[in-house]
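Protein chains in written order, with our numbering: chain H, 1 to 152; chain W, 1001 to 1152.
Glycine residues also receive a C-beta, built at the ideal position from the N, C-alpha and C atoms.
Quantities reported herein were computed from a predicted structural model and do not represent experimental measurements.
Everything on this sheet refers to the single structure shown next.
Protein chains: 2
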Amino acid sequence: MKRAPHHTPLDQLAEHLARSGQRLTNQRKVLTATFLEARGHLSAEDLYRQLLAAGHPVSMATVYRGLRTLVEAGLAVESRFVDGVVRYEPALDEPVHDHLVCDECGSVFEIENPLVDELYDLAQAHDGFLPRDHRLLIHGLCRSCQARTDAS
Amino acid sequence: MKRAPHHTPLDQLAEHLARSGQRLTNQRKVLTATFLEARGHLSAEDLYRQLLAAGHPVSMATVYRGLRTLVEAGLAVESRFVDGVVRYEPALDEPVHDHLVCDECGSVFEIENPLVDELYDLAQAHDGFLPRDHRLLIHGLCRSCQARTDAS
DNA sequence: ATGTATGCAAATGATTTGCACACTC
DNA sequence: GAGTGTGCAAATCATTTGCATACAT
């Protein structure tokens, strides 16, 4: 099911804000636009820097509050990585994906996971646990770091 | 492969310490014993409290350092949970297991995951990524919280 | 004796919050 | 104009670290 054509992310945000008596400020607009352009695994710090670089000075506090708003509006999903930092990525109408983390260079890749249903079945099988969501990180070495390691 | 019969966890720790020129102190012994008895998903804070309660005052710093040592000795494995807190559990000679987290009551259950190999195959298939380890959390509702929720 | 461990308190890093002022509705 | 939102700085929370002292080898 694709998103209705005339329903942009900004509309979605505006709608969410309106519903909950909040306001569509400039910071929220810029933050949202920048976040969506960057596309992928931004920490609050990352986004903060991008905003500064783009000539839109905001405070870290606003970035944190803004990212939470994006999550509440359904535009972003957050995941906490092993380094303890929470990163955000756009919530697209796409299948849930999981993450490959290279322990050498720190790159993060996304993979679609066709096994999700089976994993959820496993959970169900454990005393009737009702799965609703999951987080999967697979750690290892990306191709280029393997090459570098082999060489040394 | 099971552990050799006369190789207790404490032996294993002692061996690791000896190998790396470190010392088997009282704190490390007590900490290790308490950790292994408690069995399952302890945060540094949790272990600290248990040690105090058991009449073994230690500093938080020592608990943190001690837990790291246990990991290095291969007696514990650490996982960072979604709340951002790192928890430790005994590293047994058992198949890797994953976690079911109840979002209502916070309980954590362990499940063995027979799909691990398939997941690693998926990772491989993504541009030759070399998987070495993983972290899987499935969130949802445990049986009793489902019941409570249905009732309300 | 030599050098590692511990305790304490201060430092860190990510994130949150209180408050006075600024801006949206 | 009323009531959110923002910036700033101070507060939190989990965790780490520096340093003087205590203990294992």
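Three-way DSSP call (helix, strand, coil) for H169 (chain H) in this model: Because chain H spans 1 through 152 in this model, residue 169 (chain H) falls outside it and cannot be assessed.
For D98 (chain H), the nearest candidate out of H:D127, H:S43, H:R19 and H:I138 (CA to CA): H:I138
Short Cβ contact (9 Å threshold) for L1115 (chain W) with L100 (chain H): no
contact_flag[the segment 1040-1060 of chain W, the segment 1081-1090 of chain W] where n(CB pairs < 8 Å) is 3 or more: yes
Nearest residue (CA-CA) to G1055 (chain W), options W:Q1146, W:Q1027, W:H1007 and W:G1106: W:Q1027
Spatial neighbours of P1057 (chain W) in its chain, beta-carbon cut-off 8 Å, leaving aside the 5 residues before and after: L1051
Given R1065 (chain W) as reference, the closest of W:S1144, W:T1025 and W:H1126 once Cα atoms are compared: W:T1025
Assigned exposure category for G167 (chain H) - 16 Cβ within 10 Å defines buried: Nothing can be reported for residue 167 (chain H), as the shown portion of chain H is limited to 1 through 152.
Buried versus exposed, by CB contacts within 10 Å (16 or more), L75 (chain H): buried
Between the CA atoms of T1034 (chain W) and D1011 (chain W) - distance to the nearest angstrom: 16 Å
Whether H16 (chain H) touches A53 (chain H) by CB criterion (9 Å): no
Assigned exposure category for R1148 (chain W) - 16 Cβ within 10 Å defines buried: exposed
Min CB distance Y1120 (chain W) to chain H below 9 Å: yes
Beta-carbon proximity list for F129 (chain H), same chain, < 6 Å, skipping 5 on both sides: A123
Proximity of L1136 (chain W) and H41 (chain H) at Cβ, strictly below 9 Å: no
Span separating the alpha-carbon of K2 (chain H) from that of A1061 (chain W): Because the pLDDT at K2 (chain H) is just 49, under 50, the model does not fix this residue reliably, and the value given afterwards should be weighed accordingly. The alpha-carbon atoms of K2 (chain H) and A1061 (chain W) are separated by roughly 52 Å.
Inter-residue spacing [alpha-carbon to alpha-carbon] between A1004 (chain W) and A125 (chain H): Interpretation of A1004 (chain W) is limited by its pLDDT of 49, a score under 50 that renders its predicted location unreliable; no figure is taken from the coordinates.
Cross-strand partners of Y120 (chain H) (DSSP beta bridge): According to DSSP, which records beta bridges pairwise, Y120 (chain H) is partnered with nothing at all.
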